[in-house]
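For the sequence shown, my numbering gives the first residue as 37, with consecutive numbering after it. Backbone N, C-alpha and C define an ideal beta-carbon position, used for all residues, glycine too. Since the structure is predicted, the reported quantities are computational estimates derived from the model, not experimental observations.
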Amino acid sequence: MLRIKQEVASSMPSDRIVPLKQVRVDAKLRSFAADVIITQVFQNDESVSVEAVYCFPIEENAAIYGFVARIDDEREIVAEIKEKNAAQQEYTQALAQGYGAYLLEQDEASNDIFTISVGALKPGSQCHITISYVSELDLLHSSKKPTIRFVVPTTIAPRYSPSHK
37 MLRIKQEVAS SMPSDRIVPL KQVRVDAKLR SFAADVIITQ VFQNDESVSV
87 EAVYCFPIEE NAAIYGFVAR IDDEREIVAE IKEKNAAQQE YTQALAQGYG
137 AYLLEQDEAS NDIFTISVGA LKPGSQCHIT ISYVSELDLL HSSKKPTIRF
187 VVPTTIAPRY SPSHK
């Protein structure tokens, strides 16, 4: 789920979201590992630009190795790994200058949540977020035979809600 950041939403009704328009999951499963690429498309239906925040839950035994953000097929940003404070400062400066900006952070309270600050999303704009990760698959033992389980993370659980941001 992509929510409008709390400070921005103060002049709007509470709990505003940027609607999800499309999801695509490409997964390659090999033995006990999954290589997953999730692409989600959101659209700002508000009449003003918004700063949006997205929380992506990921299993404890998974590792994100790629992040791409694209706005309206015009501009594509590929993630770079940077020191946390430097990345936050660069993000804040880009927003202050009126540029779109993206920041992917691991939640300090929980290692299994990554937060994506999408930045300024203009009215009617679509935001395409693509996250690539690898994960170990769970082995389930049943009475008949062992089974491997693949799970795609979602934002259904309230714990993953970024309403505190």
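- Three or more pairs of CB atoms, one per stretch, sit closer than 8 Å, so the region 169 to 178 contacts the region 71 to 82.
- At the C-beta level, I107 and G136 come within 8 Å of one another.
- Closest by C-alpha distance to I40, out of T151, R185, V187 and T183, is T151.
- Close CB contacts of K120 within its chain, under the 8 Å cut and outside five residues either way in sequence, are with E141 (chain order).
- By the neighbour-count criterion, in which a residue is buried when 16 or more other Cβ atoms sit within 10 angstroms of its Cβ, N97 is exposed.
- Positions of the alpha helix (DSSP H) runs, each at least 4 residues long and wholly inside the region 122 to 182, cannot be given because no such run exists.
- When rounded, the separation of the alpha-carbon atoms in V54 and R111 is 19 Å.
- For K64, the secondary structure class from DSSP, reduced to helix, strand or coil, is strand.
- F92 has F150 as its beta-bridge partners, per DSSP.
- In this structure, C163 lies away from A123, with their beta-carbon atoms at least 8 Å apart.
- Here P182 is actually not in contact with S83; their C-beta atoms are around 54 Å apart, not less than 8 Å.
- A distance below 7 Å between beta-carbons, with the five flanking residues on each side excluded, links F186 to the following residues of its chain, in chain order: A63, L65, A70 and L173.
- In this model, E95 and A115 are separated by some 20 Å (Cα to Cα).
- Assignment of beta-bridge partners to D71 by DSSP yields K64 and V170.
- Rounded to the nearest whole angstrom, the C-alpha separation of V154 and S178 is 42 Å.
- Straight-line measurement puts the Cα of L175 at about 39 Å from the Cα of R52.
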